[in-house]
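Novice: My questions all concern the structure below.
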Amino acid sequence: MSAIFYVSYVILWALVILLTVACIHLLKRKPASLHQDTPLQSDSDELEGLGLPTGAPFPNDGRLTLSGSVPDFKNSLIICSMTSCGSCEAMYPNLLRFHRQNPHVSIYILLFTDQEDQIQQTVDKNQLDLPVLACTPEDTDFFQTKFFPFGYAVNQDGLVSSKSHLNKESDFDLMASTLADYEVRLKRAW
83 MSAIFYVSYV
93 ILWALVILLT
103 VACIHLLKRK
113 PASLHQDTPL
123 QSDSDELEGL
133 GLPTGAPFPN
143 DGRLTLSGSV
153 PDFKNSLIIC
163 SMTSCGSCEA
173 MYPNLLRFHR
183 QNPHVSIYIL
193 LFTDQEDQIQ
203 QTVDKNQLDL
213 PVLACTPEDT
223 DFFQTKFFPF
233 GYAVNQDGLV
243 SSKSHLNKES
253 DFDLMASTLA
263 DYEVRLKRAW
């Protein structure tokens, strides 16, 4: 065999060994949260830096719903959504199903968009029969919401009792449970 063949064979094995060492080094450096024996940070701790703080009053600047009614955010779920958001589109069927199963829970949708005509298109496309409030991208600072879809549960006093990313259908139940707990405690007090 020729010398070039042996040289290329040695170079090939040197590269294989080098790549193996690099992979082992990278695998040893993986983040601690990926180790199975390390507990993961809870969702509530993770959400504490996002959105309005728990216990803070939910802001109401007097804007009306699309139907012209004045919203009463007390004892309600507030869903922050965006017109050009694929995750938000996927969330609407779960939200409507939750609303059909829990008609006693008051729900408002804050729909953020930079084009006003997209709001009615989104409402019609997703058959949203819930009160919708039109919001602009500048309103994200007012509501302290930068991630969509995102939800707040606002108690009877108008304070944020819980908040959540709305990635799963069960997220609606978890948020509403803070409202239900409040109602149960209120009934016991009487």
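So for the sequence shown, this note's numbering puts the first residue at 83; every next one is plus one. Quick reminder that beta carbons are idealized off the backbone N, C-alpha and C, glycines included. Here the structure is a predicted model, which means the values were calculated and not measured.
Could you check if residue 189 is buried or exposed, using at least 16 other CB atoms within 10 Å of its CB as the buried criterion?
Specialist: buried
Novice: Tell me whether the beta-carbon of residue 192 lies closer than 8 Å to the beta-carbon of residue 225.
Specialist: yes
Novice: The beta strand (DSSP E) that contains residue 194, what's its start and end?
Specialist: 188 to 194
Novice: Closest by CA to residue 232, which one among 145, 93, 171?
Specialist: 171
Novice: At what residues does the alpha helix (DSSP H) containing residue 32 begin and finish?
Specialist: Because the chain here runs from 83 to 272, residue 32 falls outside it and cannot be looked at.
Novice: Are there three or more Cβ pairs, one per stretch, closer than 8 Å when the segment 206 to 223 is compared with the segment 168 to 187?
Specialist: yes
Novice: How is residue 232 classed by DSSP in three states: helix, strand or coil?
Specialist: If DSSP states are grouped into helix, strand and coil, residue 232 belongs with the strands.
Novice: I need the boundaries of the alpha helix (DSSP H) containing residue 166, first residue and last residue.
Specialist: Counting along the chain, residue 166 falls outside any alpha helix (DSSP H), and DSSP gives it neither H nor E.
Novice: Can you tell me which residues form a DSSP beta bridge with residue 59?
Specialist: Given that the chain is displayed from residue 83 to residue 272, the structure contains no residue 59 and the question cannot be resolved.
Novice: From residue 175 to residue 202, what distance separates their C-alpha atoms?
Specialist: 17 Å
Novice: On a CA-only basis, which of 184, 242, 195, 216 is nearest residue 255? Give me that one, please.
Specialist: Checking every option, the nearest Cα to that of residue 255 belongs to 184.
Novice: Can you look up residue 103 in the DSSP assignment and give me helix, strand or coil?
Specialist: Residue state, collapsed to three classes: helix.
Novice: Are the beta-carbon atoms belonging to residue 137 and residue 241 less than 8 Å from one another?
Specialist: yes
Novice: Around the C-beta of residue 234, are 16 or more other C-beta atoms found within 10 angstroms, so that it is buried, or is it exposed?
Specialist: buried
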